[in-house]
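Undergrad: So the protein sequences, as listed, match chains A and B.
The first sequence maps to residues 8 to 597 in our numbering.
The second sequence maps to residues 8 to 597 in our numbering.
2 protein chains.
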Amino acid sequence: MSAYNAPLDDMFFALTKIANIDKLSKVTGNTDINSESVKLLIEEASKFAKEKLDNINIEGDSKGIKLENGLVRMPESFISSYKSFVESGWFTVAGQKQFGGQDFPWSVLVCINEIWESANMSFAVNNMLTQGAIELIQEHGDKTQKNLYLPNLISGKYSGTMNLTEPHAGSDLSDLKTKAEIKNGKYLIKGTKIYITHGDQDMSENIIHMVLAKLPDAPEGNRGISLFLVPKYYNDEEGNKIKNDIKVISVEHKLGHNASPTCVLSFGENNECVGEIIGQPHDGLKAMFTMMNNARLNVGIQGVAIAERSYQRALSFARERKQGFSFNKGKKERVNIIEHPDVKRMLLEMKSQIEAMRGLAIFTAEAIDYSNKLSNLDERKEYLNLSSLLTPIVKAWCTDQSVIITSLGIQVHGGMGFIEDTGAAQYFRDSRILPIYEGTNGIQALDLLRRKLPLDGGKTFEKLLEKIKKTALDCKKSDLKEIITMGNLLDEATTSLENSAAWLKEELNKNPDNAAAGATPFLNMFGWILGGWIMCNSSLKIINKNSELADKFSNEKINTSLFFCTTYLPTASSLMSTIIYSHKSLSAIN
Amino acid sequence: MSAYNAPLDDMFFALTKIANIDKLSKVTGNTDINSESVKLLIEEASKFAKEKLDNINIEGDSKGIKLENGLVRMPESFISSYKSFVESGWFTVAGQKQFGGQDFPWSVLVCINEIWESANMSFAVNNMLTQGAIELIQEHGDKTQKNLYLPNLISGKYSGTMNLTEPHAGSDLSDLKTKAEIKNGKYLIKGTKIYITHGDQDMSENIIHMVLAKLPDAPEGNRGISLFLVPKYYNDEEGNKIKNDIKVISVEHKLGHNASPTCVLSFGENNECVGEIIGQPHDGLKAMFTMMNNARLNVGIQGVAIAERSYQRALSFARERKQGFSFNKGKKERVNIIEHPDVKRMLLEMKSQIEAMRGLAIFTAEAIDYSNKLSNLDERKEYLNLSSLLTPIVKAWCTDQSVIITSLGIQVHGGMGFIEDTGAAQYFRDSRILPIYEGTNGIQALDLLRRKLPLDGGKTFEKLLEKIKKTALDCKKSDLKEIITMGNLLDEATTSLENSAAWLKEELNKNPDNAAAGATPFLNMFGWILGGWIMCNSSLKIINKNSELADKFSNEKINTSLFFCTTYLPTASSLMSTIIYSHKSLSAIN
Chain A
8 MSAYNAPLDD MFFALTKIAN IDKLSKVTGN TDINSESVKL LIEEASKFAK
58 EKLDNINIEG DSKGIKLENG LVRMPESFIS SYKSFVESGW FTVAGQKQFG
108 GQDFPWSVLV CINEIWESAN MSFAVNNMLT QGAIELIQEH GDKTQKNLYL
158 PNLISGKYSG TMNLTEPHAG SDLSDLKTKA EIKNGKYLIK GTKIYITHGD
208 QDMSENIIHM VLAKLPDAPE GNRGISLFLV PKYYNDEEGN KIKNDIKVIS
258 VEHKLGHNAS PTCVLSFGEN NECVGEIIGQ PHDGLKAMFT MMNNARLNVG
308 IQGVAIAERS YQRALSFARE RKQGFSFNKG KKERVNIIEH PDVKRMLLEM
358 KSQIEAMRGL AIFTAEAIDY SNKLSNLDER KEYLNLSSLL TPIVKAWCTD
408 QSVIITSLGI QVHGGMGFIE DTGAAQYFRD SRILPIYEGT NGIQALDLLR
458 RKLPLDGGKT FEKLLEKIKK TALDCKKSDL KEIITMGNLL DEATTSLENS
508 AAWLKEELNK NPDNAAAGAT PFLNMFGWIL GGWIMCNSSL KIINKNSELA
558 DKFSNEKINT SLFFCTTYLP TASSLMSTII YSHKSLSAIN
Chain B
8 MSAYNAPLDD MFFALTKIAN IDKLSKVTGN TDINSESVKL LIEEASKFAK
58 EKLDNINIEG DSKGIKLENG LVRMPESFIS SYKSFVESGW FTVAGQKQFG
108 GQDFPWSVLV CINEIWESAN MSFAVNNMLT QGAIELIQEH GDKTQKNLYL
158 PNLISGKYSG TMNLTEPHAG SDLSDLKTKA EIKNGKYLIK GTKIYITHGD
208 QDMSENIIHM VLAKLPDAPE GNRGISLFLV PKYYNDEEGN KIKNDIKVIS
258 VEHKLGHNAS PTCVLSFGEN NECVGEIIGQ PHDGLKAMFT MMNNARLNVG
308 IQGVAIAERS YQRALSFARE RKQGFSFNKG KKERVNIIEH PDVKRMLLEM
358 KSQIEAMRGL AIFTAEAIDY SNKLSNLDER KEYLNLSSLL TPIVKAWCTD
408 QSVIITSLGI QVHGGMGFIE DTGAAQYFRD SRILPIYEGT NGIQALDLLR
458 RKLPLDGGKT FEKLLEKIKK TALDCKKSDL KEIITMGNLL DEATTSLENS
508 AAWLKEELNK NPDNAAAGAT PFLNMFGWIL GGWIMCNSSL KIINKNSELA
558 DKFSNEKINT SLFFCTTYLP TASSLMSTII YSHKSLSAIN
């Protein structure tokens, strides 16, 4: 069996060499958060994850949750781990200090979140959604709402949910049917929401639902949607605790995330569902979207996390499973399968992509941190644009790859991978929602094409391209032939990226459908090139510091980077053909 | 909901334009099997599959099978469909005429098998294994065994299983521990076998297990393995029906194939498990391998089948689900999601790969038919080599892609794809075993590298390469610019294939581990190029016949081919970098 241990070395490398946590803490004046303190923090998180979350993950998957008398019952072990999680203060890492939070920067949050998600995604998604609710209330709630809800959400006493989807309105929210009306000075909510993750559970004392609904005077479309805070329990004027008029109609039987209750919720069946408006009427979608960008980064991190967990299990299996002989060295003894080059190659596919994805996610998180904390407003804007450009790529690329990586995790196990008891199959099942929720990956690709490439008149993209080209050039100047190879491949791929972007830009004006047909392969290409860039940068950092590549980590990083670049960058370049040709054939589907 | 209909047009196209069923029937003198009769046959199979197999597929998946008092209980609906399957004579399509079979050529069998596997893989795998047992006994059984078992297996009264794997011996069979000894003139079998598909069930009257075991005087390794026929029930000398000493220890809880019992079988716990030897002592693995080649083709077909079923469900969903607006035409109405270019592109990825895979599988099957039936022995050998070269590619490429295609099938459904009730997730789960069983895809890649590329001193590969080049040249001479584009891409990719093969050949002698590290990407490259070749040939056939592309099928085929070639051939070419570089980085995994 494989126990989870957070990849502390690689996380720390990314936090200090891809991002620069010490510089961040100086620039933002938050010097409590530095490389020393963060190292201790992620070590502690790793221990907690191993002892309280990873160990109950398989049990949660096989037992699942129960709906009894309209209430969701979590597995007992989840209830007790939730209690430990709250007591250890892990909920408080996010959230402003005045409400009891520790206000950690995103660069650190993504590492901690990765750890929870690796260990137990069904559990961790609760924390992820609560972070979203905290962010929404911090940004858009009024003073009373902040004082009433933030301390309890930040402590973990309450948890939060997001209520967007309805049976007929998935990706297209403009068609919502859930209504809100004012009666006796209160907002009453009525409607059905589906796919509500942790829509009910018995781990937290209360659940704060963030619900999109339409007021009676709402204009049509996206501009007519308001955001409401709808608690499971609230206090009436006399201070009595009232159960709100919210009913769990059913819980979904899903491919994965079996211990994460996905609910159909009915609000206001008895016309008594009380809510509070967050922000201005009709302006709810905008509020939701400010939160959603970071939520998308978090889903990208889920992709990294589940891939990492799958990798650890596969690696541990490959080190222990004896099967077959080495056909190179004429050894007479059976070898562990990790000795077989094809098994090594599979594991290297997993490892190299995970490291590239993690580095990119932490780099993106650091941009968010600068966009939140810098004093210079122009610089803030520039970092905001950069993080906005990168977010759909992190979300879609990391989650698409997570399905492929967890599939490899099964393959390494051979026949045992298909048996549920082994544990490898759960990661594959759990990963499959990631390319779908928080905006399907197709929607991420269109967002990248239509909203993110044109940011700041295209300059955000151009500046990023310059950075990548600079890295390619630095690699080409290296003394190490591996790094020169990587630089050449990055350079070629970047040219394809530039040409593809130019083609898309032109088509977007002339024939937007033609451009849309190339959006997904373009996002994939961009993801791999950014991954290659991260790996090239990693290698340069290692070389500059230590030209003898003395330690194991450095050696492995260079080799992993070489593998990533020689495997994925030529494929990334090849996608230009798909991008520009796809639209020509679409009539075959009708 | 989506009901299954066999892709009759594309099957018929492949049978008459990629293969040539009328030529085959003339050459082999089996004129009953011609394009007319085969068309009717696959139409009938499609109807049966729709009415008796597809309709019970979801039920089988959710109910699964039960182990009661040491016996496996299938779902009631499976028992009754099995009865209909036998009564309709569908088992008899395989098997020699003298034993009640209809002896259909493989080109036709793969189409029929695809139909069963699309509709209900848990059910169809029984038929697939029985075909394997029939083949084994036909080739290696003695006259008594043939007369006793073949008529009952060919009618479906009995079914067959394959017993290779043991807990410590998965891919590496040389380490088997199951023993056979002779006592009172009978072979007694003793040992435990795992992963025995349909190892027990209550659909057929009897189950004939084909079991690998070692005799006491067995030499070490692969040359010491014998093959035994071990029936669940047999008649003793007085004609009494005896239950053999075989016990179902457990059934596995798997990721998919829930209505296909995967058993752990214990043979001879009471030292009374009676078997018969098939062929010569110690020569069992060779017998098993003659059968396994065709079994591998059948697993490739399973990949095509599950991908096709997933595509049909996704297509039907996309045609009915309204969501969002077209952003090109300024339409005010919501559109079905099939109108969105990114959804069309996903469906086209599915469709184009499925058609290429199907064409390649039928082409391979035709080569097997010629290798079995031609009178000229040299020609037979040549076709045998060709089919041997192609088989690992069909097995591995089609099954790897099937996991990716069924994953796309989920993605098209959005959130609903993750809900089990929708049905899309089952195909994804069911597909995941295909790259593993019947020799993992990594083993297929090594087989291609070490045994298949060198066939006939490399000439088998060279001749195939010449055919592909000829097709590329023909395309380049076309009047249609789409076809010229395809020809250019095929030409470039073929050069990469040739260069990669040359590199591998050299390394295989010098540093076999280096070559082994490139085996899987080489197989993938080869698969996509063969797929491109099939699609180029398809387009040429259509153009030559009908230069105006009048009908819908022809139009779609050209567009689908263009999509396949522009999407997958550049990626195939790009894999050369992975092939030659992978070995350099393997030390990062340890």
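All C-beta atoms, glycine included, are put in the ideal place defined by N, C-alpha and C.
Note that the structure is a prediction, hence the values are computed from the model and not measured.
By the 9 Å beta-carbon criterion, what residues does the segment 352-383 of chain A contribute toward chain B?
TA: So the list reads Arg352, Met353, Leu354, Leu355, Lys358, Ser359, given in the order they occur along the chain.
Undergrad: Closest to Leu472 (chain B) by C-alpha separation, out of B:Asn120, B:Ser9, B:Leu396, would be which residue?
TA: Mapped onto the second sequence, residue 472 (chain B) falls at position 465. Selected option, being the one with the closest Cα: B:Leu396.
Undergrad: Counting C-beta neighbours from all protein chains within 10 Å, is the total for His260 (chain A) 16 or more, i.e. buried, or is it exposed?
TA: Within the first sequence, the letter at position 253 stands for residue 260 (chain A). With fewer than 16 other Cβ atoms within 10 Å, it is exposed.
Undergrad: So that I know if they touch, is there some Cβ in chain A lying closer than 8 Å to that of Ala500 (chain B)?
TA: Along the second sequence, one-based indexing puts residue 500 (chain B) at 493. It does not: the Cβ of Ala500 (chain B) has no partner Cβ on chain A nearer than 8 Å.
Undergrad: Return the CA-CA distance between Leu160 (chain B) and Gly167 (chain B), expressed in angstroms with no decimal places.
TA: Stepping through the second sequence from its first residue, residue 160 (chain B) is reached at position 153. Stepping through the second sequence from its first residue, residue 167 (chain B) is reached at position 160. C-alpha separation (whole angstroms): 7 Å.
Undergrad: Please state whether the Cβ-Cβ distance between Ile232 (chain A) and Leu292 (chain A) is less than 8 Å.
TA: Mapped onto the first sequence, residue 232 (chain A) falls at position 225. Mapped onto the first sequence, residue 292 (chain A) falls at position 285. For Ile232 (chain A) and Leu292 (chain A), yes; Cβs fall inside 8 Å.
Undergrad: Count the CB pairs spanning the segment 533-542 of chain B and the segment 348-367 of chain B that are closer than 8 Å, and state whether there are at least three.
TA: Flag = yes, the segment 533-542 of chain B and the segment 348-367 of chain B touch.
Undergrad: Could you check the C-alpha separation between Leu456 (chain A) and Ile417 (chain B) for me, to the nearest Å?
TA: As a first step, residue 456 (chain A) is located in the first sequence; it is residue number 449 there, counting from the start. As a first step, residue 417 (chain B) is located in the second sequence; it is residue number 410 there, counting from the start. Each residue's Cα considered, the two are about 23 Å apart.
Undergrad: May I have a chain-ordered list of the alpha helix (DSSP H) segments no shorter than 4 residues that lie completely inside the segment 180-248 of chain A?
TA: Taking only runs of at least 4 residues, no alpha helix (DSSP H) segment lies wholly in the segment 180-248 of chain A.
Undergrad: Please determine, among A:Lys164, A:Phe370, A:Lys559, the residue with the shortest C-alpha to C-alpha distance to Asn597 (chain B).
TA: Taking the second sequence and counting its residues from 1, one reaches residue 597 (chain B) at position 590. Checking every option, the nearest Cα to that of Asn597 (chain B) belongs to A:Lys559.
Undergrad: Under 8 Å, do Val100 (chain B) and Val45 (chain B) count as touching if we go by C-beta distance?
TA: Against the second sequence, residue 100 (chain B) aligns to sequence position 93. Against the second sequence, residue 45 (chain B) aligns to sequence position 38. No, the pair does not count as a contact, with Cβ atoms beyond the cut-off.
Undergrad: Cβ of Leu78 (chain B) within 7 Å of any heavy atom in the ligand COA?
TA: Questions concerning the ligand COA fall outside what the structure shown contains, since it holds no ligand whatsoever.
Undergrad: Does Ile440 (chain A) come within less than 8 Å of chain B when only Cβ atoms are used?
TA: Residue 440 (chain A) sits at position 433 when you count from the first residue of the first sequence. For Ile440 (chain A), the answer is yes, since a Cβ of chain B falls inside 8 Å of its Cβ.
Undergrad: Taking the alpha carbon of Ile72 (chain A) as the reference point, which residue from A:Met210, A:His147, A:Lys221, A:Ile249 has its own alpha carbon closest?
TA: Within the first sequence, the letter at position 65 stands for residue 72 (chain A). Checked all of A:Met210, A:His147, A:Lys221, A:Ile249; the closest Cα to Ile72 (chain A) is A:Met210.
Undergrad: Where do the ends of the alpha helix (DSSP H) carrying Gly67 (chain B) lie?
TA: Against the second sequence, residue 67 (chain B) aligns to sequence position 60. Unbroken alpha helix (DSSP H) run through Gly67 (chain B): 64-70.
Undergrad: Find out if the Cβ-Cβ distance for the pair Gly2 (chain A), Ala220 (chain A) is shorter than 8 Å.
TA: Examination of residue 2 (chain A) is not possible in this model, given that chain A is present from 8 through 597 alone.
Undergrad: Considering just the uninterrupted stretch of the alpha helix (DSSP H) at Cys270 (chain A), what are its terminal residues?
TA: Indexing the first sequence from 1 puts residue 270 (chain A) at position 263. Where Cys270 (chain A) is concerned, there is no enclosing alpha helix (DSSP H), although the beta strand (DSSP E) it sits in stretches over 269-274.
Undergrad: Is any beta-carbon of chain A found at less than 8 Å from that of Asn566 (chain B)?
TA: Numbered from its first residue, the second sequence carries residue 566 (chain B) at position 559. With 8 Å as the cut-off, Asn566 (chain B) counts as an interface residue toward chain A.
Undergrad: Under three-state DSSP, which class holds Gly494 (chain A)?
TA: In the first sequence, the residue the question calls residue 494 (chain A) occupies position 487. Correct three-state label for Gly494 (chain A): helix.
Undergrad: Spell out a yes or no on whether the segment 239-249 of chain A and the segment 181-196 of chain A are touching, meaning 3 or more CB-CB pairs, one atom from each, closer than 8 Å.
TA: No contact exists between the segment 239-249 of chain A and the segment 181-196 of chain A.
Undergrad: Suppose the cutoff is 7 Å on Cβ atoms and the five residues either side in sequence are ignored; what does the same chain contact list for Glu499 (chain B) look like?
TA: Translated into the one-based positions of the second sequence, residue 499 (chain B) becomes position 492. Correct list, in chain order: Ser580.
Undergrad: Would you kindly report the start and end of the unbroken beta strand (DSSP E) that includes Ile256 (chain B)?
TA: Working through the second sequence from its first residue, we reach residue 256 (chain B) at position 249. Where Ile256 (chain B) is concerned, the enclosing beta strand (DSSP E) stretches over 253-258.
Undergrad: For a quick check, are the C-beta atoms of Ala374 (chain A) and Val117 (chain A) less than 8 Å apart?
TA: For the purposes of this step, residue 374 (chain A) is taken as residue 367 along the first sequence, with counting starting at 1. For the purposes of this step, residue 117 (chain A) is taken as residue 110 along the first sequence, with counting starting at 1. In this structure, Val117 (chain A) does not lie closer than 8 Å to Ala374 (chain A) by Cβ.
Undergrad: According to DSSP, Leu487 (chain B) sits in a beta bridge with which residue or residues?
TA: For the purposes of this step, residue 487 (chain B) is identified with residue 480 of the second sequence, where counting begins at 1. DSSP lists no partner for Leu487 (chain B).
Undergrad: Just the Cα atoms here: how many angstroms apart are Pro528 (chain A) and Leu576 (chain B)?
TA: Residue numbering aside, residue 528 (chain A) sits at position 521 when the first sequence is read from its first letter. Residue numbering aside, residue 576 (chain B) sits at position 569 when the second sequence is read from its first letter. Between Pro528 (chain A) and Leu576 (chain B), the C-alpha separation is close to 14 Å.
Undergrad: Run down chain B in chain order and give the residues with a C-beta less than 7 Å from the C-beta of Pro633 (chain A).
TA: Residue numbering for chain A in the displayed model covers 8 to 597; residue 633 (chain A) lies beyond these limits and cannot be assessed.
Undergrad: In this structure, what does DSSP give as the bridge partners for Ile308 (chain B)?
TA: As a working note, residue 308 (chain B) is residue 301 in the second sequence. DSSP lists no partner for Ile308 (chain B).
Undergrad: With a cut-off of 8 Å, does the C-beta of Tyr11 (chain A) fall near any C-beta of chain B?
TA: Against the first sequence, residue 11 (chain A) aligns to sequence position 4. Taking Cβ atoms only, chain B never reaches closer than 8 Å to Tyr11 (chain A), which makes this a no.
Undergrad: Can you say whether Gln433 (chain A) is buried or exposed, counting buried as having 16 or more other CB atoms within 10 angstroms of its CB?
TA: Along the first sequence, read from residue 1 onward, the residue named residue 433 (chain A) stands at position 426. Classification for Gln433 (chain A): buried.
Undergrad: State the DSSP-derived secondary structure class of Glu279 (chain A), mapped to helix, strand or coil.
TA: In the first sequence, residue 279 (chain A) corresponds to position 272, counting from 1. DSSP places Glu279 (chain A) in coil when its eight states are reduced to three.
Undergrad: List the whole-angstrom C-beta distance separating Met532 (chain B) from Cys572 (chain B), where the pair is believed to meet the contact cut-off of C-beta under 8 Å.
TA: For this step, residue 532 (chain B) is matched to residue 525 along the second sequence. For this step, residue 572 (chain B) is matched to residue 565 along the second sequence. Incorrect: roughly 14 Å between the Cβ atoms, too far for contact.
Undergrad: Put Arg328 (chain A) into one of helix, strand or coil per three-state DSSP.
TA: Here residue 328 (chain A) is taken as the residue at index 321 of the first sequence, counted from 1. Three-state result, Arg328 (chain A): coil.
Undergrad: Could you spell out where the alpha helix (DSSP H) holding Lys153 (chain B) opens and where it closes?
TA: Taking the first residue of the second sequence as position 1, residue 153 (chain B) is located at position 146. Start and end: 150-162.
Undergrad: Compare the beta carbon distance of Cys405 (chain A) and Gly525 (chain A) with 8 Å and say whether it is the shorter of the two.
TA: Sequence index remark: in the first sequence, residue 405 (chain A) carries index 398 (1-based). Sequence index remark: in the first sequence, residue 525 (chain A) carries index 518 (1-based). No, the Cβ-Cβ distance between Cys405 (chain A) and Gly525 (chain A) is not below 8 Å.
Undergrad: What's the gap between the Cα of Asn301 (chain B) and the Cα of Asn392 (chain B)?
TA: The residue you call residue 301 (chain B) lines up with position 294 of the second sequence. The residue you call residue 392 (chain B) lines up with position 385 of the second sequence. Distance between the alpha carbons of Asn301 (chain B) and Asn392 (chain B) is about 13 Å.
Undergrad: Does Tyr434 (chain B) come within less than 8 Å of chain A when only Cβ atoms are used?
TA: Locating residue 434 (chain B) in the second sequence gives position 427, where the first residue counts as 1. Taking Cβ atoms only, chain A never reaches closer than 8 Å to Tyr434 (chain B), which makes this a no.
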